[in-house]
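Colleague: Position one of the sequence shown corresponds to residue 13 (the numbering used here), numbered consecutively onward.
Just so you know, even glycine gets a beta-carbon here, dropped at the ideal spot from N, CA and C.
After the structure tokens below, expect a handful of questions from me.
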Amino acid sequence: MQNEFVLSKKSEFAELKEYIDSVKNSQGVTMQILQKAQGIFGYLPIEVQQFISDETNIPLADIYGVVTFYTQFSTEEKGKHRIGLCLGTACYVKGSQEILDKLADELDVKVGKTTKDKLFTLEATRCLGCCGLAPVMVVDEDVYGRLEVTKIPNILKKYQ
Ligand code: FES
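Below is the structure:
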């Protein structure tokens, strides 16, 4: 029996099937299919992984292994805005943990999770490559450097 998610995403599954049919006779297309699927659904819940397994005859365990190995894939729905707070060394020594705690508190969400209203996903990241601006946070494409805890509420307001 099909569950609610599958029933509500019929056109997305049709689009994914069309893509899989166009590439499934080629070798080594698992990553491509998963990237396409994530592009269509925004994330890769178990229903999507099962569908890919059924359509490609790749065992579900193998697909699950790839999805959970690569950080580019997510099994959870992401919020409209993605916040990445750097916990790399330079940012960490300049207090990024305190900022991360403040974000979690303001948004009432755990790190790695999405707020109930689906507006934000809060993530801790490795070095973002701009240590001179430590501590650094990225919201979608916007970079915020030399952060202070007191600046967080105003920054969040821009996205609410
Ligand atoms: S350690 Fe944070 S940007 Fe490099």
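Please confirm whether any heavy atom of the ligand FES lies closer than 6 Å to the CB of residue 100.
Modeller: As a first step, residue 100 must be located in the sequence shown, where it is residue number 88. The answer is yes for residue 100.
Colleague: Do residue 139 and residue 77 have their CB atoms nearer than 7 Å?
Modeller: As a position in the sequence shown, residue 139 is number 127, starting the count at 1. As a position in the sequence shown, residue 77 is number 65, starting the count at 1. No, the pair does not count as a contact, with Cβ atoms beyond the cut-off.
Colleague: How long is the line joining the alpha carbons of residue 57 and residue 135, rounded to whole angstroms?
Modeller: For the purposes of this step, residue 57 is identified with residue 45 of the sequence shown, where counting begins at 1. For the purposes of this step, residue 135 is identified with residue 123 of the sequence shown, where counting begins at 1. Cα to Cα, the separation comes out at about 19 Å.
Colleague: Measuring only from the beta carbon, is residue 72 closer than 6 Å to any heavy atom that is part of the ligand FES?
Modeller: Taking the sequence shown and counting its residues from 1, one reaches residue 72 at position 60. It does not: the Cβ of residue 72 is nowhere closer than 6 Å to a heavy atom of the ligand FES.
Colleague: For my contact list, residue 165 and residue 108 are in at a C-beta cut-off of 8 Å; report their separation, rounded to the angstrom.
Modeller: Mapped onto the sequence shown, residue 165 falls at position 153. Mapped onto the sequence shown, residue 108 falls at position 96. Actually they are not in contact, since the Cβ atoms of residue 165 and residue 108 sit about 17 Å apart, beyond 8 Å.
Colleague: Hey, quick one: how far does the beta strand (DSSP E) through residue 135 stretch, first residue to last?
Modeller: Within the sequence shown, residue 135 is the residue found at index 123, counting from 1. Looking at the DSSP string, the run of the beta strand (DSSP E) that includes residue 135 is 132 to 137.
Colleague: Does the segment 121 to 130 come close enough to the segment 90 to 104 that 3 or more CB-CB pairs lie under 8 Å?
Modeller: Yes: the two stretches touch, three or more of their Cβ pairs being nearer than 8 Å.
Colleague: Could you tell me the boundaries of the beta strand (DSSP E) in which residue 154 lies?
Modeller: The residue given as residue 154 occupies position 142 in the sequence shown. Residue 154 -> beta strand (DSSP E) spans 154 to 156.
Colleague: Using the three-state DSSP reduction, which class does residue 126 fall into: helix, strand or coil?
Modeller: Here residue 126 is taken as the residue at index 114 of the sequence shown, counted from 1. In this structure, residue 126 counts as strand in the three-state DSSP scheme.
Colleague: Please go through the same chain and pick out, in chain order, the residues whose beta-carbon is closer than 6 Å to the beta-carbon of residue 31, but skip the five residues on each side of it.
Modeller: Translated into the one-based positions of the sequence shown, residue 31 becomes position 19. Cβ within range, chain order: 48.
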